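Protein chains in written order, with this note's numbering: chain A, 4 to 285; chain B, 4 to 285.
The C-beta atom is built at its ideal place from N, Cα and C for all residues, glycine as well.
What you are looking at is a predicted structure, and each value in this text was computed from that prediction instead of being measured.
Report on one structure; see the data block that follows.
Printed below as a string of structure tokens:
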């Protein structure tokens, strides 16, 4: 496994690999790898000749109230995990390498930002698409892997790639879950025992909502109330939001149809959990 | 020669060509080809296995006061000229093909716009970088060819490609000139005879300015006055601007050094002519 810190060497390495006909799978990360990342890497390993991982804590996607300097880092651990899971190349640039001078051109998200978690993070997704435009050109993957857990990020990245015809297939990878259905997250350790026992209701309520839609319910307000009722009944969590949108456009629907996302965020005493379900009706 | 109207077929054709190791030279145009375009095509033909030309009148780069509908078109003539000059593939999409729905992500120029001709065309260069981001991904050239006559466009495109690491070499191609030095332009036919005889002073004054700089002059104001004096003395043209900037950053200089551009625009009775000289001092 190779670790490459410079844009020039990374891009030349990837162009060289591509010219020999190798397919490239790519997993962009901010490091501190967890099981979600490893699932993406495993999937990329299955489907490609070469697997590239990038580790870059992108300052552009942190808001003024978000603490960039306290973002966790452990490169030695990340490196060992990546090697174990068959990564061929880690791209590991510095901030100075990625942003040596102010950008003369900017990339900005115009749509899909003012919903779900994006509402409370203005500018966050501008930072995401800016760094991904750079990284996609540097790594030149055939396929790039993103988790569906951050469904809004996935939808925005699909918008970027479709609008600008990047020759890249975006591969959504299902959320990894505990046996009882709880989405795996590094935040789950902050749940107290009682909350941990209640937390599976998030995914249960999403699945129950899917069932009533499949049985004919088409009113989004009724489905949202149904989910809120289940969560309130079976947990002490405080609902931050339960929302239903078209997917990937993230537009409100008067009547449920087509591909949709049901997404929710619930605050427990020391952890805010998110989950979602994306499916096509009918 | 092939004419391809769809993004999907064009992108697949280019990916296929690249996978066989062919180098791709690309000339983006809005059609109605003139000698400047043909020089770019000839250069691309010399340097690459495959030459791609795009013809697309991009509505995004026209301002509200600029008449998109009256932009000249003659595809039959363009096609014949392209074939004669050895173009392999013309990409000729419709507006609906290129902009089927509003963009969810936009590309915006933050720098180098408020100088030279860009001052009077707000939003113009946003349209240019937006369409080029799409076209570069669709055509996937190794090299793309731009004339130095539109030096501001060239500088902005170099900014786009450098900032976002497009794996493309931007090749600047020298302005084609008449024997007396006048830059070739479709606007030259609008000069009356007396003006046509005076017009070579534009290029003469640029060259004379270069000489005094090479002889030691480092004050930009003095060089600008020197050029203005020559143009006023030898023509009836009304000076729109004479400017000197660093190149490609297009920043004002207190003292002339490094790579610079001297650019001017002069209005004659029925034609506004532009010209420039880019060179490195010392």
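Just to make sure I have the definition right: I need the residues of chain B whose C-beta is within less than 9 angstroms of the C-beta of residue i. Which are they?
i: residue 22(A); result: 21, 22 and 24
i: residue 132(A); result: 108
i: residue 261(A); result: The contacting residues do not exist; residue 261(A) stays about 15 angstroms from chain B at best.
Just curious, the beta strand (DSSP E) that residue i is in, first and last residue?
i: residue 275(B); result: 275-283
i: residue 267(A); result: 262-270
i: residue 243(B); result: 241-249
i: residue 7(B); result: 5-7
i: residue 29(A); result: 27-32
Taking Cβ-Cβ distances shorter than 9 angstroms, what residues in chain A pair up with residue i?
i: residue 111(B); result: 108, 109, 110 and 111
i: residue 137(B); result: 166, 167 and 168
If you follow the alpha helix (DSSP H) that residue i is in, where does it begin and where does it stop?
i: residue 223(B); result: 223-237
i: residue 15(B); result: 10-22
i: residue 329(A); result: With chain A running from 4 to 285 in the structure shown, residue 329(A) is simply not present.
i: residue 47(A); result: 38-50
i: residue 104(A); result: Where residue 104(A) is concerned, there is no enclosing alpha helix (DSSP H), given that its DSSP letter is neither H nor E.
i: residue 185(B); result: Premise fails: residue 185(B) is in no alpha helix (DSSP H) and is neither H nor E.
i: residue 196(B); result: 196-201
Going along the chain, which residues of its own chain have a beta-carbon closer than 6 angstroms to the beta-carbon of residue i, five neighbours each way excluded?
i: residue 132(A); result: 110, 112 and 163
i: residue 36(A); result: 81 and 84
i: residue 6(A); result: 93 and 95
Name the chain B residues whose beta carbon is nearer than 7 angstroms to that of residue i?
i: residue 166(A); result: 106, 107 and 108
i: residue 10(A); result: 168
Using C-beta distances below 7 angstroms, list every residue in its chain close to residue i, excluding the 5 sequence neighbours before and after it, in chain order.
i: residue 138(B); result: 31 and 57
i: residue 116(B); result: 128
i: residue 272(A); result: 195 and 198
i: residue 41(B); result: 84 and 88
i: residue 122(A); result: none
i: residue 14(A); result: 141
i: residue 98(B); result: 62
i: residue 183(A); result: 203
i: residue 177(B); result: 151
i: residue 172(B); result: 145 and 146
i: residue 270(B); result: 240, 241 and 243
What does residue i reach in chain A if we use C-beta pairs closer than 8 angstroms?
i: residue 143(B); result: 170
i: residue 140(B); result: 167, 168, 169 and 170
i: residue 14(B); result: 168 and 170
In three-state terms, what does DSSP make of residue i?
i: residue 206(B); result: helix
i: residue 175(A); result: strand
i: residue 258(B); result: coil
i: residue 150(B); result: strand
i: residue 118(A); result: coil
i: residue 66(A); result: coil
i: residue 145(A); result: coil
i: residue 57(B); result: strand
i: residue 110(A); result: strand
i: residue 139(B); result: helix
i: residue 190(A); result: helix
i: residue 180(B); result: strand
i: residue 94(B); result: strand
i: residue 124(A); result: coil
i: residue 220(A); result: coil
i: residue 252(B); result: coil
i: residue 214(A); result: helix
i: residue 169(B); result: coil
i: residue 157(A); result: helix
Please determine, among the options, the residue with the shortest C-alpha to C-alpha distance to residue i.
i: residue 262(A); options: 248(A), 269(A), 55(A) and 272(A); result: 248(A)
i: residue 1(B); options: 54(B), 118(B) and 69(B); result: Residue 1(B) lies beyond the stretch modelled for chain B, which goes from 4 to 285, so this question has no answer here.
i: residue 63(A); options: 102(A), 25(A) and 17(A); result: 102(A)
i: residue 143(A); options: 7(A), 29(A), 266(A) and 9(A); result: 29(A)
i: residue 106(A); options: 4(B), 159(B) and 171(B); result: 159(B)
i: residue 237(B); options: 245(B), 260(B), 201(B) and 228(B); result: 201(B)
i: residue 44(B); options: 240(B), 86(B) and 12(B); result: 86(B)
i: residue 180(A); options: 33(A), 147(A), 279(A) and 91(A); result: 279(A)
i: residue 246(B); options: 252(B), 265(B), 258(B) and 256(B); result: 265(B)
i: residue 254(B); options: 276(B), 22(B) and 223(B); result: 223(B)
i: residue 130(B); options: 20(B), 250(B), 167(B) and 59(B); result: 59(B)
i: residue 118(A); options: 207(A), 134(A), 100(A) and 155(A); result: 155(A)
i: residue 260(A); options: 275(A), 242(A), 282(A) and 276(A); result: 282(A)
i: residue 215(A); options: 242(A), 285(A), 252(A) and 161(A); result: 285(A)
Residues of chain E with a CB under 9 angstroms from the CB of residue i: which are they?
i: residue 114(B); result: Checking the listed chains, one finds no chain E in this structure; the protein chains it contains are A and B.
Would you mind telling me which residues of chain B sit closer than 8 angstroms to residue i, beta carbon to beta carbon, in chain order?
i: residue 71(A); result: What residue 71(A) touches in chain B: nothing, since even the nearest Cβ is about 21 angstroms away.
Going along chain A, which residues have a C-beta under 7 angstroms from residue i?
i: residue 162(B); result: 107 and 108
i: residue 18(B); result: 170
Within a Cβ cutoff of 8 angstroms, which residues of the same chain sit near residue i, ignoring the five residues on either side of it in sequence?
i: residue 187(B); result: 37, 38, 39, 178, 179, 180 and 181
i: residue 9(B); result: 96 and 100
i: residue 233(A); result: 204, 207, 208 and 211
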